[in-house]
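**Q** Heads up: the sequence shown at position 16 corresponds to 2 in the working numbering, and the numbers run straight through without jumps.
Glycine is no exception: its CB is placed at the ideal position from the N, C-alpha and C atoms.
The structure displayed is predicted, hence computed values, not measured ones.
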Amino acid sequence: REGGALLTLGIVGVLGGSLLAVVGRDDPGLLSFGLTTLSFGAINVPLGVGLLDLRHRGRAEALELTAANSDMVAERLAEWAESERWKRVSFVVNSGLDVLYIVTGALLVGLAGRTNRPASARGAGWAMVTQGAALLVYDLYGIAATTRRARSLTGEALLDETLLY
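#1: Whose CA, out of Asp39, Ile(-3), Pro104, Leu122, lies closest to the CA of Val85?
#2: Kindly indicate the opening and closing residues of the alpha helix (DSSP H) around Gly10.
#3: Candidates Ala130, Thr90, Ser4: which alpha carbon is nearest Arg108's?
#4: From Tyr127 to Ala136, what does the alpha carbon distance come to, in whole angstroms?
#5: Return the CA-CA distance between Ala119 and Val9, expressed in angstroms with no decimal places.
#6: Unbroken alpha helix (DSSP H) runs of length 4 or more, entirely within the stretch 98 to 146: which are they?
#7: Judging by CA-CA distance, which residue of Trp66, Pro104, Leu139 is the nearest neighbour of Pro14?
#8: Enumerate in chain order the residues of its own chain whose CB-to-CB distance from Arg11 is below 7 Å, with the five nearest sequence positions on each side excluded.
Structure, rendered in structure tokens:
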């Protein structure tokens, strides 16, 4: 799910940013907003594809477990839970970066009047704010999803103490 969501966010960013840059090519703010959005999207597309299980490896491993003994099943479930914990850490780190995008974009908007091209600076700043906010929602969802999956693999009480491993 996380891979599909990031891929979708990336495709929307690439297409929407491209369209806005072309339509607003005579407006420095719109052009800058579009190109910045396109840039975020171009990064999110390959990252989203990388998160997809295109080879259905997870499904194949689950089917193998149906024929395995209980010790092997317990060991594999523990490995999957550990993998989910590391994914959660990645989402937490990325959430911090998202806040940094939002703050940096807001600063760019606020200080745009001090630049040689204030409309372009404002456009890029607002794009950073909106992309950072969208990514923050995505990463918060990722934190919740990986936490839920890790709990289901290992038991409810495992993750109650802290969000981070």
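**A** The structure says:
#1: Leu122
#2: It is not in any alpha helix (DSSP H) - Gly10 carries neither H nor E in the DSSP assignment.
#3: Arg108 has its Cα closest to that of Thr90, out of Ala130, Thr90, Ser4.
#4: 14 Å
#5: 24 Å
#6: 104 to 140
#7: Pro104
#8: Leu17
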